[in-house]
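Heads up, the thing below is written out as structure tokens.
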Amino acid sequence: MQPIKPKGPGPEVEFKAYLKEGRFMIQKSSSTGEHVFYPRVAAPGSGKTDLEWVEASGEGTIYSITVGRSKTGGQNVAIVELAEGPRMMTRIEGVETAPIGAKVKARIADIDGAPAIVFDLAEGGKA
Amino acid sequence: MSAHPLRGKTAIVGIGGAGWGEAPGHSAIELLGAAAIQAIADAGLKVSDIDGICAATSTHAFPTLTVAEYLGIRPTFFDGTNVGGSSFEMHVLQAAMALDAGVCNAVLICYGSNQRTAGGFVSMSEPQWHEAPYKPRNPITGYALATARHMHEYGTTREQLADIAVAARQWANMNPAAFAKGPLTREDVLKARMVSDPLTTLDCCLVTDGGAACVMVRADRARQLRHKPVYLLGAGAAHSHRSIAQARSLSTSVAAESGQRAFAMAGLKPSDCDLVMLYDAFTITTLMFLEDLGFCPKGEGGRFVEGGTIAPGGKLAVNTSGGGLSCVHPGMYGLFLIHEAVTQIRDEAGERQLPKCDVAICHGNGGQFSSQVTALLGSEATL
């Protein structure tokens, strides 16, 4: 068995390159239909390597949320469950906090000079 | 059903501790070393009798190498498994397997940290690239997210969580080795500074210095040593996630799996436990492990702990040392659970001694509910 010679960059670099283009991409196994986030070389559990990049719908719900407190104020950290299934760490913008179960919509924002996925409360997005 | 081949085959025969609380001027390896020497002497053994080392710390890349050199041990078996605070319950299982297989004859399990006097919480845990932009304050962010979810799903309240901290303090007040003492009320916990909603400073464990150690040998040799042996009856382990967002559930931990494995190996059930030592890094961990290990139904942990159920005089003896919340918590706490369980089973716990302590469960937690390892310890009467 000869070792694999990877072609091009790996999924972390590819994901970040898409983000720089303004696109929120996640992976999908073409054989099982399962979505994967964070990006990997194989789907966790099944080990399928037939992962393709697909545009995320950007729709999700807040699975949990906390507000880290400091002398300068509070900043929330949330886990959002994407409509496609996977969960991700993120922040909810424009509010100090929001109810678990609230519907949210993804947006690409600049955090410390790099693009990152954040979420806004969806219109009529109360839990 | 025949007993599991590891049940009762090995025993803890010595324990040690050093610098619990504040130990200015002492390095992590000095605290570890002092605790190790005390444990070896407590066992009635010599340093030269030790031929196995298990260690994990927050400051040493190769802890078994550091320990072996520092103490002048040339081990035939060593294990530096590091899965966070539960590493030491895993080390007990590893040591039992190595001893039973005849790979070694006497294993030292040890830990030390000077994080409090060295300037605060220390972790070698690397940031996860997909989480780093959001600046989680690990580990509290993960535990706060789990707490919020548990409250959402089961109606758990901050008052119920506060009662866990109050119970721990009441036990600590009976332990001369405990660091945080004095009266503590539910209101004190609720009014303390919020760190990460819904957890206040008093929902969080202490940040202390401290070293701890124990020595394990095979049961036949244990019976010839100084103290009543504390037998390993069963142990079980489980992994969940590395990043909190990847946890299958935030409101149920894989303690449900590790606990079942440990109870199955021991041939025991939760109601057999006289002492329940649960890794209390935060009030939510005690609550969730009571549920996931089967001491109360899932979702009932909040109502279970209300009104002093787990405090001195309550119906279930939990964290009788005062726990990580009020006794000692030097970064990784797993070995301190074992120290208290051995103390109680040996009938050496003084004012807080339980009237009967033959079976103790020690449940270790690592990361952010990431790794769970459960060990069941017992007196001669349990064999």
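These protein sequence lines are chains A and B, in that order. Residue 1 is where the first sequence starts when you use our numbering, and the numbers rise one by one after that. Residue 1001 is where the second sequence starts when you use our numbering, and the numbers rise one by one after that. We put the CB at the ideal spot given by N, CA and C, even for glycine. Here the structure is a predicted model, which is why all the values come from computation and not from measurement.
Residues of the segment 96-118 of chain A with Cβ closer than 8 angstroms to any Cβ of chain B, in chain order: THR97, ILE100, GLY101, ILE111, ASP112, ALA114 and ALA116
Going along the chain, which residues of its own chain have a beta-carbon closer than 6 angstroms to the beta-carbon of LEU1325 of chain B, five neighbours each way excluded? Numbered from 1 along the second sequence, position 325 holds the residue referred to as residue 1325 of chain B. These residues qualify, in order along the chain: ALA1165, ALA1168, CYS1205 and ASP1280.
Put ALA127 of chain A into one of helix, strand or coil per three-state DSSP. Along the first sequence, read from residue 1 onward, the residue named residue 127 of chain A stands at position 127. Per-residue confidence for ALA127 of chain A stands at a pLDDT of 49, beneath the threshold of 50, marking its modelled position as unreliable; no derived number is given.
In chain B, what lies closer than 9 angstroms to VAL67 of chain A by C-beta? For this step, residue 67 of chain A is matched to residue 67 along the first sequence. Under the 9 angstroms cutoff, chain B gives ALA1144, MET1194, SER1196 and ASP1197.
Contact with chain B by GLU12 of chain A, beta-carbon distance below 8 angstroms: As a first step, residue 12 of chain A is located in the first sequence; it is residue number 12 there, counting from the start. Yes, its Cβ sits closer than 8 angstroms to a Cβ of chain B.
With H, G and I counted as helix, E and B as strand and the rest as coil, what does DSSP make of LEU1436 of chain B? Look at the range of chain B in this structure, 1001 to 1383, and you will see that residue 1436 of chain B is not part of it.
Closest Cβ-Cβ distance between VAL41 of chain A and chain B: below 8 angstroms? Translated into positions along the first sequence, residue 41 of chain A becomes position 41. Cβ-Cβ to chain B under 8 angstroms: no for VAL41 of chain A.
Coarse secondary structure for ASP130 of chain A, derived from DSSP in three states: Outside the displayed range of chain A (1 to 127) lies residue 130 of chain A, so it cannot be described from this structure.
Leaving out five residues before and five after THR1141 of chain B in sequence, what residues of the same chain have Cβ atoms less than 7 angstroms from its Cβ? As a first step, residue 1141 of chain B must be located in the second sequence, where it is residue number 141. So the list reads SER1196, once near-sequence residues are dropped.
Of all the residues that make up the segment 1014-1031 of chain B, which are near chain A by a beta-carbon distance shorter than 8 angstroms? none
Every unbroken beta strand (DSSP E) within the segment 1038-1102 of chain B, with a cutoff of 3 residues, ordered by chain: 1052-1055 and 1077-1079
Assumed close pair PRO1270 of chain B, PHE1295 of chain B - CB separation to whole angstroms, cut-off 8 angstroms: In the second sequence, the residue the question calls residue 1270 of chain B occupies position 270. In the second sequence, the residue the question calls residue 1295 of chain B occupies position 295. So it is a contact: roughly 5 angstroms between Cβ atoms.
Between the segment 29-62 of chain A and chain B, which residues of the former have a C-beta closer than 7 angstroms to a C-beta of the latter? TYR38
Partners in chain B for LEU72 of chain A, counting only beta-carbon separations shorter than 8 angstroms: The count along the first sequence starts at 1 and reaches residue 72 of chain A at position 72. Position check: residue 72 of chain A holds Thr in this sequence, whereas Leu was assumed. Within chain B, no residue comes near THR72 of chain A; the closest Cβ sits about 13 angstroms away, beyond 8 angstroms.
Between which two residues does the alpha helix (DSSP H) harbouring GLU12 of chain A extend? In the first sequence, counting from the first residue as 1, residue 12 of chain A sits at position 12. Segment 11-20, the alpha helix (DSSP H) holding GLU12 of chain A.
If you draw a straight line from the alpha carbon of LEU1065 of chain B to that of LEU82 of chain A, how long is it in whole angstroms? Here the question's residue 1065 of chain B lines up with position 65 in the second sequence. Here the question's residue 82 of chain A lines up with position 82 in the first sequence. If you take the alpha carbons of LEU1065 of chain B and LEU82 of chain A, they lie about 45 angstroms apart.
Report the CB separation of GLY1084 of chain B from MET1332 of chain B in whole angstroms; it is logged as a contact under 8 angstroms. Start at 1 with the first residue of the second sequence, and residue 1084 of chain B comes out as number 84. Start at 1 with the first residue of the second sequence, and residue 1332 of chain B comes out as number 332. Their Cβ separation, rounded to whole angstroms, is 6 angstroms, which keeps GLY1084 of chain B and MET1332 of chain B in contact under 8 angstroms.
Please name the residue, chosen from B:PHE1336, B:LEU1376, B:GLN1160 and B:THR1382, that lies closest to VAL1305 of chain B on a Cα-to-Cα basis. Here residue 1305 of chain B is taken as the residue at index 305 of the second sequence, counted from 1. Ranking B:PHE1336, B:LEU1376, B:GLN1160 and B:THR1382 by Cα distance to VAL1305 of chain B puts B:GLN1160 first.
Quick check: the Cα distance between TYR18 of chain A and GLU12 of chain A, rounded to an integer number of angstroms? Within the first sequence, residue 18 of chain A is the residue found at index 18, counting from 1. Within the first sequence, residue 12 of chain A is the residue found at index 12, counting from 1. Distance between the alpha carbons of TYR18 of chain A and GLU12 of chain A is about 10 angstroms.
Should ILE4 of chain A go down as buried or exposed, given a rule of 16 or more other Cβ atoms within 10 Å for buried? Position 4 of the first sequence holds residue 4 of chain A. With fewer than 16 other Cβ atoms within 10 Å, it is exposed.
Nearest to ARG1193 of chain B (by Cα), restricted to the options A:LYS71, A:GLY94, A:SER57 and A:PRO86: Translated into positions along the second sequence, residue 1193 of chain B becomes position 193. Considering only alpha carbons, the answer is A:LYS71.
Would you call the CB atoms of MET1265 of chain B and HIS1004 of chain B closer than 8 angstroms? Within the second sequence, numbered from 1, the residue matching residue 1265 of chain B stands at position 265. Within the second sequence, numbered from 1, the residue matching residue 1004 of chain B stands at position 4. Contact: yes.
Along the chain, where does the alpha helix (DSSP H) that runs through HIS1150 of chain B open and close? The sequence position of residue 1150 of chain B within the second sequence is 150, counting from 1. Residues 1140-1154.
Going along the chain, which residues of the segment 1152-1167 of chain B sit with their C-beta nearer than 7 angstroms to a C-beta in chain A? HIS1152
If you run the structure through DSSP and keep just helix, strand and coil, what is PHE119 of chain A? Numbered from 1 along the first sequence, position 119 holds the residue referred to as residue 119 of chain A. Looking at PHE119 of chain A - three-state DSSP - the assignment turns out to be strand.
Of the choices A:THR90, A:THR66, A:ILE117 and A:ALA98, whose alpha-carbon is the least far from that of LEU25 of chain A? As a working note, residue 25 of chain A is residue 25 in the first sequence. One point to set straight first is that residue 25 of chain A is Met, not Leu, in the sequence displayed. Among A:THR90, A:THR66, A:ILE117 and A:ALA98, the Cα nearest to that of MET25 of chain A is on A:ILE117.
Neighbourhood of GLY1210 of chain B by C-beta distance below 6 angstroms, restricted to the same chain and skipping five residues each side: Your numbering for residue 1210 of chain B matches position 210 in the second sequence. Taken in chain order, the residues that qualify are GLY1019, TRP1020, VAL1328 and PRO1330.
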